[in-house]
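In the order they appear, the protein sequences are chains L, A and C. Heads up: take any position in the first sequence, counting from 1, add 22, and you land on our numbering. Heads up: take any position in the second sequence, counting from 1, add 47, and you land on our numbering. Heads up: take any position in the third sequence, counting from 1, add 22, and you land on our numbering. Read through the structure below, which is laid out as structure tokens, and then see the notes.
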Amino acid sequence: MMNGLIRQLSDIVNNYGLPQDFVVQASFYVLAGLACAFAFGVVAMRNIFHCAVSLALCLFCIAGVYLFLNAEFLAVVQVIIYVGAIVTLFLFAIMLTSNIKDRSIRQANSQALVSAVVAAAILSFFIYIIMGNPWKIPASGTAAHAGPGLNDIGRALMSSYALPFEFISLILLAALVGAIVIGKVKK
Amino acid sequence: MIPQSHFLILGAALFAIGLYGALTRRTAIGILMSIELILNAANINLITFNKFLGGPDGLGQVFALFVMAIAAASAVIGLVLVIAVYRNMKTIFTENMNIMKW
Amino acid sequence: MVKFAHLIPLFPFAAFAVNILFGRRLKKASALVSIGASVAALAIAVMAYIGNAFGGEGSYTVGRWISFNGFALDFGVIIDPLSCMMLLVVTVVGTLIQVYSIGYMHDDKRYSRFFAYMSLFMGSMLGLLLSDNFVMLYIFWEGVGLCSYLLISFWFERPAAARAGMKAFITTRIGDTGLLIGILLLFFTTKTLYFKDLAGLGINDATLTVIALLIFCGAVGKSAQFPLHVWLPDAMEGPTPVSALIHAATMVAAGVYLVARTYGLFLTQHTSLIWVAYIGAITALMAATIATVNNDIKRILAYSTISQLGFMMLALGVGGYEGGTFHLMTHAFFKALLFLCAGSVIHAVHTQDIFKMGGLLGKMKATGWTFIIGGLAIAGVPPFSGFWSKDEILSEILKGGHPVLFGVAALTSLLTAFYMFRLIFVVLFGKPRSELHAHESPAVMTVPLCILAAFAAFAGFFRPVKFEFLTMGVSIAISLTGIGAAYVFYILDNKLLPASLRSRFAFLYKLVSNKYYVDEIYGALIIRPCMRLADIASGFDSKVVDGAVNMAAYLSLTAGKVQSWFDLYIVDGIVNMTANVTWLCSAILRRFQTGFVQNYILIAFFGLAIMIFIKLIGGR
């Protein structure tokens, strides 16, 4: 049932005599808590540079959470694309625009309190709904499968989802060209 | 095992935090980062449902991949726009970007 | 088997698209785009012609177009001697006219647009020629009409040109409406829209006769036959290459082509055929007489076109299918030639009044001689092309046993020779009548003239020559008489004789020179009554309706006085209160309209939260 990385982790932990399930679950909750904490850092910190670093850490934790969902490939992709590319891009943009040393700038606008209330309300509604739902698991036992491997994803991308895949590449190309056009300094 | 609802709650929490950020940040870069958080929340939900309800073809994961690609594209465009605006108006605050406003 | 003929119209259409989209960039190169497309179309048309000549019938279907409810319509291409011949004529003449336009339009500010329209015009016409059913034909038919409108009013800054374009469009539209009704009627009665089915529908059936006449209605409008001929002379306001294209290859030929294409229907409906013959005869004679007294070089040619088209209709009407279509071809060549020559002359002297020209042959050798060739061809002097086709028509009329129509046709031929050589003698010979600094046009204009002159001279040999000595002798005599009369009137007895004739037949002259008052009759019979009706309506409006309104106003004034105190204290109070409440509400609501996007998002999510909440407490 367990996938590779987590099983190795639990094996190691086993050697120290701790119960396997407890360790796995505990590590998930720790990761989830860290993700939420870093996410909160992203939206709450004053120095925007710190925000970006916090975003990187948060995304890293989310990649860890993916491991618990049988999505090792996505976890790797998450680290490469998000942490490696997008956050780097954010850092560049920050350095090109604002003065990062200036900590005195107020980062939140005047509607912060109301926004917090609304966001909290929506979160609590969501949690209420999620907890109230029994989440029926299909009887055929498909829920127990090991999840799609790298092979399955690759095959799906090249067969069933080839058209969307091509569209995505078009969108990326358009974004690339558009970024150059917008960002070009006009003489 | 960790129940499905806990993953969903993690997604909801990230969404709410991202929403709060998108509503309150004064800088365009901050808003973009919050939007990345929201997209990740969506990804978590997709992958969760793929694991607990989905078939073996991995539609949820493929979809999450697509979301990542879109996120990358939007981040690139958004950041370039921020840089272009900064170059022309010397500001990063959204409330100052108002020359199109009557 | 020829399987590529459907590509022919695509080239001009592509050229149109290129020119209309990138015309500003292409500038002068747009002409090359159009001409290249035309040459490509010409090449394929030649191949189709050869393929048809050696491989028999080559009609084929390109693909399914419409299919519903048991009825199916295909995109079909019709390849037979008629369409092949017309394809060749249109592409040859069109290409030459486009080459000529390089010179004629060289400093026009809408140069590329001109060529775009020309290509569209040609493409529509080629599509029309290839259509094998009425729906396709009608689409291209309207395309041709649209292009004629665009091109006639090409110099739309001039009010006369804009008005002429409108007149052409509306007048032909009357005929088109008839055609459309005819097509619909045909579909509802016979459930077929293919040309190939037309011959076998039934003989002398009342409904089919009506259908044939309605279709002929469309041809009357397009080919400028009486009584819808009024648009063609006015269409001279367009650039001269356009006139040449309209008169020779595209627009007016479409009408004759339509009758020829649906000939199977006409043949089986005898009444409709007689109508065609008589309308053609009336048109031919009437237009020829007008042409003899007109003084505008382009209008003379325009009336000549109307007359010649009437001639073709007459031929078709008496059963002379061969002669009519043959004349359609030869006429395309020599009329294009004549128009281009006229354009060259106008280009040189900047006037259209023939009595201000004169003696141009010395100064414009190429234009002058090609003009004379065109004149000989239209007058029917052997061995030029017009002779053969006209001769064939005359003999067919005689064979059909219509002495009256033969008389009309002979008289028309006589008049044709006369007015044509009146034009030639006045313009090209004699002394200059005013200060004109004429000069020969550039080679890009004269070379097409020479090529067309060759066609005009020798197109008569495109088919085996039939010798029928009686009619030949008659027609030669007719044309020589006409030319001789013109010589006597305008060279020997310079202008005296025409003047004395004019005074003797003053009434007739006035009638003819005013174009039989057709425009005035339309004005009196259609436009004036409409105006009168509008006047009556307006009178009714000002007396009766206004009276009622005034009375109502008086009554309401009295009532209003009674009400006014009520209004002042009670209603105003309510109104003011409403206003105050509105003001208060808007003062509150205004604060939501911050122009600040994050604020809007916040409100949206606030609303979402409330909606979820309501759902949670009420929906479970």
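Built from N, CA and C at the ideal position, the CB exists for glycine as well.
Less than 9 Å between the beta carbons of residue i and residue j, yes or no?
i, j, result
"W163(C)", "L172(C)", "no"
"L307(C)", "L433(C)", "yes"
"V87(L)", "A54(L)", "yes"
"M351(C)", "V367(C)", "no"
"F348(C)", "V298(C)", "no"
"L280(C)", "L159(C)", "yes"
"G617(C)", "N145(A)", "yes"
"L215(C)", "L236(C)", "no"
"Y325(C)", "A337(C)", "no"
"P263(C)", "M127(C)", "yes"
"L360(C)", "L331(C)", "no"
"N90(A)", "V114(A)", "yes"
"D130(C)", "P261(C)", "yes"
"I13(L)", "A631(C)", "Within the shown structure, residues of chain L are numbered from 23 to 209, placing residue 13(L) beyond reach of any answer."
"S56(C)", "M140(C)", "yes"
"V127(A)", "A184(L)", "no"
"F147(L)", "L43(C)", "no"
Cutting at 7 Å between CB atoms, please list the residues of its own chain near residue i, excluding the five before and the five after it.
i, result
"S81(A)", "G65, G68, A69 and R72"
"I84(L)", "A57 and Q100"
"T164(L)", "Annotation note: pLDDT 47 at T164(L) (below 50); position unreliable, coordinate value reported separately. Hits under 7 Å: none found."
"T327(C)", "L254, H269, V274 and K357"
"W87(C)", "L95, D96 and F97"
"M494(C)", "D413"
"A166(L)", "For A166(L), the predicted model reports a pLDDT of 47, less than 50, meaning its position is unreliable and no value from the coordinates is stated."
In terms of alpha-carbon separation, which member of the options lies closest to residue i?
i, options, result
"A186(C)", "R283(C), S175(C), E414(C) and G504(C)", "S175(C)"
"I203(L)", "I91(A), V109(A), V123(A) and F62(A)", "Here the sequence assigns Val to residue 203(L), which means Ile is not the residue at that position. Looking at the Cα atoms, V123(A) is the closest of the given residues."
"Q120(C)", "G145(C), I101(C), N74(C) and A53(C)", "A53(C)"
"W253(C)", "A183(C), T229(C), A228(C) and I233(C)", "A183(C)"
"G58(C)", "P34(C), A67(C), K421(C) and L201(C)", "P34(C)"
"P170(L)", "L61(A), L128(A), F99(A) and P50(A)", "F99(A)"
"L61(A)", "A141(L), A134(L) and Q133(L)", "A141(L)"
"T229(C)", "V315(C), F288(C) and L118(C)", "F288(C)"
"Q114(L)", "H53(A), A111(A) and V129(A)", "For the record, residue 114(L) in the displayed sequence is Phe; it is not Gln. Of the candidates H53(A), A111(A) and V129(A), the one whose C-alpha sits nearest the C-alpha of F114(L) is V129(A)."
"Y51(L)", "M115(A), I85(A) and L55(A)", "L55(A)"
"R46(C)", "G145(C), S81(C) and F136(C)", "F136(C)"
"G204(C)", "L295(C), L223(C), T231(C) and L362(C)", "T231(C)"
"A51(C)", "Y133(C), A559(C), V371(C) and A70(C)", "Y133(C)"
"H292(C)", "V61(C), A310(C), G224(C) and G381(C)", "G224(C)"
Give the residues of chain L in contact with residue i, contact being defined as C-beta atoms less than 7 Å apart.
i, result
"N87(A)", "L81 and I84"
"M136(A)", "Residues of chain L passing the Cβ test: none, with the nearest at roughly 11 Å."
"F628(C)", "V140"
"I49(A)", "Q47, F50 and F90"
"I124(A)", "A197, G200 and A201"
Could you tell me which chain A residues have their CB closer than 8 Å to the CB of residue i, listed as they occur along the chain?
i, result
"Y150(L)", "Those within 8 Å of Y150(L) in chain A number zero; the least Cβ separation is about 10 Å."
Once the 5 residues before and after residue i are set aside, which same chain residues still bring their CB inside 6 Å of it?
i, result
"R283(C)", "F217"
"V466(C)", "I124 and G125"
"K583(C)", "none"
"S73(L)", "Here residue 73(L) is Cys; the residue named in the question, Ser, does not match the sequence. Here the set comprises V64 and M67."
"I498(C)", "none"
Against residue i, what residues of chain C qualify as contacts under a CB-to-CB distance less than 8 Å, listed in chain order?
i, result
"F147(L)", "A631, I634, F635 and L638"
"I70(L)", "In chain order: nothing, as chain C lies at least about 17 Å away."
Chain C partners of residue i, CB-CB under 7 Å?
i, result
"E30(A)", "An answer regarding residue 30(A) cannot be provided, because it is not within the stretch 48 to 149 covered by chain A."
List the residues of chain C that residue i touches, going by C-beta distances under 9 Å, in chain order.
i, result
"S69(A)", "Note on residue identity: the sequence assigns Ala, not Ser, to residue 69(A). Result: Q620 and I623."
"L66(A)", "I623 and F627"
"A130(L)", "The contacting residues do not exist; A130(L) stays about 11 Å from chain C at best."
Enumerate in chain order the residues of its own chain whose CB-to-CB distance from residue i is below 8 Å, with the five nearest sequence positions on each side excluded.
i, result
"G77(A)", "G68"
"S162(L)", "Any answer about S162(L) is weak, because its pLDDT of 47 lies below 50 and its placement is not dependable; what the coordinates show is given next. Result list for S162(L): empty, nothing under 8 Å."
"H424(C)", "A299 and V340"
Along chain A, which residues have their Cβ under 7 Å away from the Cβ of residue i?
i, result
"M153(L)", "S52"
List, in order along the chain, the chain L residues whose C-beta lies closer than 8 Å to that of residue i?
i, result
"I94(A)", "Y88, L91, A93 and L96"
Any alpha helix (DSSP H) of 4 or more consecutive residues that is wholly inside the stretch 108-169 of chain C: 133-152
Within the stretch 276-329 of chain C, ranges of the alpha helix (DSSP H) (whole runs, at least 4 residues): 285-290 and 292-315
Contained alpha helix (DSSP H) runs [length at least 4] in the stretch 30-98 of chain L, N- to C-terminal order: 42-66 and 70-89
Alpha helix (DSSP H) segments (min. 4 residues) lying fully within the stretch 538-608 of chain C: 540-544, 550-562 and 568-588
Continuous alpha helix (DSSP H) assignments of at least 4 residues falling wholly in the stretch 387-459 of chain C: 387-401, 407-422 and 425-450
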